[in-house]
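Have a look at the structure below, then the notes.
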Amino acid sequence: MSGVELLVTTALQETWGTDENIVFLGEWCKSFDQRDVWNKRKSRTLENHWKDRTKLKRDHAYLKDLYERVLSALVEELNEIHSVSYGTRYWRIIVGPWLLTYIPLLWDRWESMNLALSENVKLSTVVVNDEHRTIPEDLRSSTALFRNHYWNHQVYHSIIKVLSNPQLSIFRVSKSNVESIIISSKVAVSLSRRIFNVIDRCLAVVMRNYRVVFVNSYFYPKSRSRLYIMSHQFPRLYSEFDVNFIYPNSKSYMRRDCCKFQTHKKFEEFLSHELYNDMPIAYLEGYEGLVSRVKRFPDTKIILTATAHFGNELFKVWCAGKVVNGSKLVISEHGGAFSPMFSSFSHDEDIADVKVVWGLEHHDKHRRLPPNKFIGVTPIISNGEFVTLIGLELPLYNFRCESAPGSSLILDDFDQKKLFINGLHNRVYEQLKIRPYPNRGWQLRDRYLDIFGDRKISKCSTIEEDFSNSKIIVCSYPQTTFSEALFTGIPTILLYLEHFWEVQPEYYNLIKVCKKAKIIHTDPETAAEHINSICDNPDVWWSDLETVTARNLFFDVCGAVGENPLRVWHKFFNEVLDEPSTFRQ
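Take any residue in the sequence shown, note its place counting from 1, add 75, and you have its number in the numbering used here.
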């Protein structure tokens, strides 16, 4: 292309100019429902920098080190701001989930812009004339911002100013032409749940001390209640953690100009100046209120959670205070099949006394127990007739540096599934149903609908319904749904982009065995050939000795419920109480 091209950073059409040749920073700029607009423009789209998995591995090591350096600085600064003297574990529990998301996110945006400017061609870009980004209340509202086109546009604008490339000309448009960001961290609660919460809070008044507190534990209610009784406790919901906390407004005097960690490169200087601008109110202006609120929460010897330690600010502040005073924190996996190589910077292991895993242990703090999510599950009875493809969709923009086809790489996964579907024989295609993943911005349901028609889209409201209606399940990713599908006993295959799902080495042999048994596929054409060959009677293949051996090995490696699983868990709690803490207080 000749002349000056227009660099477009997001899907905000107000920044797309008129008839210039466009350089889209990434596929996230091209919303599927705007295809009639961008298809008419001459354009090219830059590649996702983390398509290079060697770079992702290198970036992960760098970002993990950077995260620890920033966290160390924040421990001192947050202690000073709030006039307290807590250690690293305390603040890691509270601010860690946001920080380990924010740093890789900012790095991703920085690297994407660097990629565009490294081409050394003349570019122009249109930016909204608005310097002030919305300040989130907590991690939940931060996550909403991270997915927002306008917020990301503002971040790219900030990066452009810092990089200050002479090859890039900047044109401004008024903010009034762009829709404002409206973000809320409030969660809707059903009437029935409100009634249960009232009863639960009445129990909280008379019950203050517990042996084990379960919050978002991923046990089914019946199993959780049995564990309570085995622990001589009355079953509770602990609804005090689920209230919509009212945060104060942000206050400029609490937000420092920069985070003072040792910087080694230009990006780190940028990060140090942006961090307090984007830090949630929960960790600054709202922290004192959270601390005051959780003083009325229960005392316990053991805290068990699968997910509350990440996004529930009330829980995190309460939990951090309890572990400082000697409570044991147990974090359980909430899903999975093959443990990823790159995840959340080992956050769970760094804050927990014990991390419960379903599969093989690969860390000193891991303890393997029966998968809590599968205990007491009613078996699914399949009388199905469909070949059901379980789709995948990940957020529009990159969040963390992790083992997964993040951001636009999900379109590579979508293309793989299209090739698979196109390889099915007509009689097999007639039996196909697609269960798209909930929309995360890529509108993959609409894309499937556009290509294959409404008749191919499953109308089932739950995935269990789809399982029940299936004679063959085709999973798209090596995580919880794959385990759940195998757990049903319905013939199942995994078709995935293996190079985007880096796993721990302990799983290499299992994957090899499952490939040989044709349970795992990486080639869409051979996967289609396999489904074509077994579709009339899939149980013949499913009950073959080689297949059964691979299935049994999967449960040996990735998790099986076994006999008396609740007794195993109860015994585990007793052992945790007797073990000395691994942390210095």
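Note that the Cβ used here is the ideal one computed from N, Cα and C, for glycine as well.
Predicted model, so just to flag it, every value in this text is computed and none were measured.
Mind checking residue i: buried by the 16 CB within 10 Å criterion, or exposed?
{"i": "Ser160", "result": "exposed"}
{"i": "Ile548", "result": "buried"}
{"i": "Gly434", "result": "buried"}
{"i": "Tyr583", "result": "exposed"}
{"i": "Arg167", "result": "buried"}
{"i": "Val53", "result": "Because the chain here runs from 76 to 660, residue 53 falls outside it and cannot be looked at."}
{"i": "Pro355", "result": "buried"}
{"i": "Gly459", "result": "buried"}
{"i": "Asn497", "result": "exposed"}
{"i": "Thr90", "result": "buried"}
{"i": "Val503", "result": "buried"}
{"i": "Pro511", "result": "buried"}
{"i": "Lys508", "result": "buried"}
{"i": "Gln660", "result": "In this prediction, Gln660 scores a pLDDT of 44, lower than 50, which makes its location untrustworthy; no coordinate-derived value is stated."}
{"i": "Met76", "result": "Unreliable positioning characterises Met76 in this predicted model, as indicated by a pLDDT of 41, which lies under 50. The coordinate reading is nonetheless provided below. Result: exposed."}
For residue i versus residue j, is the C-beta spacing smaller than 8 Å?
{"i": "Phe648", "j": "Ser306", "result": "yes"}
{"i": "Val145", "j": "Val429", "result": "no"}
{"i": "Ile406", "j": "Thr380", "result": "yes"}
{"i": "Leu190", "j": "Phe420", "result": "no"}
{"i": "Val432", "j": "Ile377", "result": "no"}
{"i": "Arg119", "j": "Gly516", "result": "no"}
{"i": "Leu499", "j": "Ile606", "result": "yes"}
{"i": "Ser402", "j": "Val578", "result": "no"}
{"i": "Gly637", "j": "Pro445", "result": "yes"}
{"i": "Phe417", "j": "Ser483", "result": "no"}
{"i": "Leu572", "j": "Phe629", "result": "no"}
{"i": "Arg184", "j": "Tyr137", "result": "no"}
{"i": "Lys493", "j": "Ile526", "result": "yes"}
{"i": "Pro599", "j": "Phe474", "result": "no"}
{"i": "Leu389", "j": "Leu365", "result": "yes"}
{"i": "Leu302", "j": "Arg330", "result": "no"}
{"i": "Arg247", "j": "Asn291", "result": "no"}
{"i": "Ser298", "j": "Gly451", "result": "yes"}
{"i": "Cys394", "j": "Glu152", "result": "no"}
{"i": "His465", "j": "Ser551", "result": "Looking at the sequence shown, residue 465 is not His but Ile. Against a cut-off of 8 Å, the Cβ pair of Ser551 and Ile465 comes out as a contact."}
{"i": "Gln242", "j": "Leu180", "result": "no"}
{"i": "Thr597", "j": "Gly411", "result": "no"}
{"i": "Trp103", "j": "Leu471", "result": "yes"}
{"i": "Cys476", "j": "His135", "result": "yes"}
{"i": "Glu80", "j": "Val196", "result": "yes"}
{"i": "Leu131", "j": "Gly101", "result": "no"}
{"i": "Arg368", "j": "Phe320", "result": "yes"}
Name the two residues that bound the continuous alpha helix (DSSP H) containing residue i.
{"i": "Leu499", "result": "Careful: Leu499 lies outside any alpha helix (DSSP H) and carries neither H nor E."}
{"i": "Asn649", "result": "Pro640 to Asp653"}
{"i": "Val202", "result": "Val202 -> not in any alpha helix (DSSP H); beta strand (DSSP E) instead, spanning Leu198 to Val203."}
{"i": "Cys309", "result": "One point to set straight first is that residue 309 is Phe, not Cys, in the sequence displayed. No alpha helix (DSSP H) contains Phe309, which DSSP labels as neither H nor E."}
{"i": "Arg626", "result": "Leu620 to Cys633"}
With a cut-off of 8 Å on the beta carbons, I'd call residue i and residue j a contact; round off their distance for me.
{"i": "Gln308", "j": "Tyr285", "result": "6 Å"}
{"i": "Asp541", "j": "Thr463", "result": "5 Å"}
{"i": "Ile455", "j": "Glu539", "result": "6 Å"}
{"i": "Asn227", "j": "Thr85", "result": "5 Å"}
{"i": "Asn514", "j": "Arg520", "result": "6 Å"}
{"i": "His678", "j": "Thr382", "result": "Lying outside 76 to 660, the shown extent of the chain, residue 678 is not represented and no answer is given."}
{"i": "Lys546", "j": "Phe461", "result": "7 Å"}
{"i": "Phe336", "j": "Ala148", "result": "4 Å"}
How is the beta strand (DSSP E) around residue i delimited, first residue to last?
{"i": "Glu80", "result": "Glu80 to Val83"}
{"i": "Val98", "result": "Ile97 to Phe99"}
{"i": "Phe474", "result": "Premise fails: Phe474 is in no beta strand (DSSP E) and is neither H nor E."}
{"i": "Ser545", "result": "Ser545 to Cys550"}
{"i": "Arg510", "result": "Leu507 to Arg510"}
{"i": "Leu379", "result": "Asp374 to Thr380"}
Give the straight-line distance between the Cα atoms of residue i and residue j, rounded to the nearest whole angstrom.
{"i": "Leu82", "j": "Cys589", "result": "45 Å"}
{"i": "Phe345", "j": "Leu214", "result": "21 Å"}
{"i": "Tyr328", "j": "Met188", "result": "32 Å"}
{"i": "Phe557", "j": "Leu569", "result": "7 Å"}
{"i": "Gly92", "j": "His339", "result": "37 Å"}
{"i": "Thr200", "j": "Thr209", "result": "22 Å"}
{"i": "Phe99", "j": "Leu467", "result": "24 Å"}
{"i": "Pro323", "j": "Tyr362", "result": "10 Å"}
{"i": "Ser314", "j": "Val392", "result": "15 Å"}
{"i": "Asn29", "j": "Asn612", "result": "Only positions 76 to 660 of the chain appear in the structure, and residue 29 is not among them; the question remains open."}
{"i": "Trp576", "j": "His384", "result": "24 Å"}
{"i": "Asp614", "j": "Ser457", "result": "12 Å"}
{"i": "Ile426", "j": "Val399", "result": "11 Å"}
{"i": "Ala635", "j": "Pro580", "result": "20 Å"}
{"i": "His124", "j": "Tyr142", "result": "20 Å"}
Under 7 Å: does the beta carbon of residue i sit that close to some heavy atom of the ligand SAH?
{"i": "Tyr231", "result": "In terms of ligand content, the structure shown is empty, and the ligand SAH therefore cannot be addressed."}
Got a sec: is the Cβ-Cβ distance from residue i to anything in chain C below 8 Å?
{"i": "His228", "result": "Here there is only one protein chain, and chain C is not present."}
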